[in-house]
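Student:
Chains as they are written, first to last, in my numbering: chain A, 1 to 114; chain B, 1001 to 1114.
Following this line, the structure appears as structure tokens:
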């Protein structure tokens, strides 16, 4: 079975500052990795995903994430955040079998302050 | 032109009642899902259907019965509602059940059981 740990439940940051949201996973098989964002009172939207190849993945809204197999991590970064980035961010993993069962981390609330 | 839609958006009901939540996707996807998000924002998959066939049932009480009349719809019926069923329920869809597939989420149905 897979598991995902998001080490920070809340991350406060000032506008235009850089941010890193941490994600570590555990799995006995190869995984696919995802970051989803949930804006207040909305559903989840894909930010980016890692399937294979280059370990640095670029997503929407200026976010990027780096897959580190040795550290089993997939941290999300943005060099300069905006107020509009305030949201809940979820890291998730899946494996390549029938069902596409996403296992989510507990979420990190990013709070961008003016 | 909403991709994944859910009705109702809010549902307030008494313990012991039976209720249904409807989900429709217009993306032409083969696979649909139901997730439950609890009050601490933790997301967990409940069911997954591919081409109207159940492929994931994550130890959900049998009071919960999904029904897929066609590939575009996956409805969730809940019998004998309990206080612990209060949560946000998200429907999602993906092109197929492969682990690499992006899932597209609906806006959620906020269920409150009194």
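Glycine included, each C-beta is placed from N, C-alpha and C at the ideal position.
For the stretch 64 to 74 of chain A against the stretch 1070 to 1077 of chain B, do three or more pairs of beta-carbon atoms, one drawn from each stretch, fall closer than 8 angstroms, so that the two count as touching?
Tutor: These segments do not touch.
Student: Could you list the residues in the stretch 1015 to 1048 of chain B with a C-beta less than 7 angstroms from some C-beta on chain A, going in chain order?
Tutor: Hits within the stretch, in order: 1031, 1041, 1042, 1043, 1045, 1048.
Student: Straight-line CA distance for residue 94 (chain A) to residue 1013 (chain B)?
Tutor: Here the question's residue 94 (chain A) lines up with position 94 in the first chain. Here the question's residue 1013 (chain B) lines up with position 13 in the second chain. Roughly 34 angstroms between the two C-alpha positions.
Student: Considering residue 108 (chain A), what are the terminal residues of the beta strand (DSSP E) in which it resides?
Tutor: As a working mapping, residue 108 (chain A) is identified with position 108 in the first chain. That run of the beta strand (DSSP E) goes 108 to 113.
Student: Please classify residue 111 (chain A) as buried or exposed, where buried requires at least 16 neighbouring CB atoms within 10 angstroms.
Tutor: The count along the first chain starts at 1 and reaches residue 111 (chain A) at position 111. Residue 111 (chain A) comes out exposed.
Student: Can you tell me the Cβ-Cβ gap for residue 32 (chain A) and residue 1028 (chain B), rounded? I've got them flagged as a contact below 8 angstroms.
Tutor: Against the first chain, residue 32 (chain A) aligns to sequence position 32. Against the second chain, residue 1028 (chain B) aligns to sequence position 28. That belief does not hold up - the Cβ atoms of residue 32 (chain A) and residue 1028 (chain B) are roughly 22 angstroms apart, past 8 angstroms.
Student: For residue 1051 (chain B), collect the residues of the same chain with a Cβ closer than 7 angstroms to its Cβ; drop the 5 residues on either side in sequence, then sort them by chain order.
Tutor: Residue 1051 (chain B) sits at position 51 when you count from the first residue of the second chain. Only 1030, 1071 meet the Cβ criterion.
Student: With a threshold of 16 other CB atoms inside 10 Å of the CB of residue 50 (chain A), please say whether the residue is buried or exposed.
Tutor: Indexing the first chain from 1 puts residue 50 (chain A) at position 50. Buried, since its Cβ has 16 or more Cβ neighbours within 10 Å.
Student: Short of 8 angstroms in beta carbon distance, which residues of its chain neighbour residue 17 (chain A), apart from the five on each side in sequence? Order them along the chain.
Tutor: As a first step, residue 17 (chain A) is located in the first chain; it is residue number 17 there, counting from the start. Cβ within range, chain order: 80, 81.
Student: If we cut at 9 angstroms on Cβ distances, does residue 96 (chain A) have a partner in chain B?
Tutor: Within the first chain, residue 96 (chain A) is the residue found at index 96, counting from 1. Yes, residue 96 (chain A) counts as interfacial toward chain B.
Student: My understanding is that residue 1087 (chain B) touches residue 1111 (chain B), with C-beta atoms under 8 angstroms, so please give their C-beta distance in whole angstroms.
Tutor: Numbered from 1 along the second chain, position 87 holds the residue referred to as residue 1087 (chain B). Numbered from 1 along the second chain, position 111 holds the residue referred to as residue 1111 (chain B). That belief holds up - the Cβ atoms of residue 1087 (chain B) and residue 1111 (chain B) are roughly 6 angstroms apart, short of 8 angstroms.
Student: With distance defined between alpha-carbon atoms, name the residue in B:1062, B:1105, B:1089 nearest to residue 1010 (chain B).
Tutor: By 1-based counting over the second chain, the position of residue 1010 (chain B) is 10. The candidate whose alpha carbon is nearest that of residue 1010 (chain B) is B:1089.
Student: For chain B, check one thing: does any of its Cβ atoms lie closer than 9 angstroms to the Cβ of residue 41 (chain A)?
Tutor: Numbered from its first residue, the first chain carries residue 41 (chain A) at position 41. Yes, its Cβ sits closer than 9 angstroms to a Cβ of chain B.
Student: Is it a yes or a no for the stretch 46 to 65 of chain A touching the stretch 100 to 108 of chain A, going by three-plus beta-carbon pairs under 8 angstroms?
Tutor: With a cut-off of 8 angstroms, the stretch 100 to 108 of chain A and the stretch 46 to 65 of chain A do not count as touching, because too few Cβ pairs lie within range.
Student: Pick out whichever of A:35, A:96, A:29 has its Cα sitting closest to the Cα of residue 89 (chain A).
Tutor: Mapped onto the first chain, residue 89 (chain A) falls at position 89. Ranking the options by Cα distance to residue 89 (chain A), first place goes to A:35.
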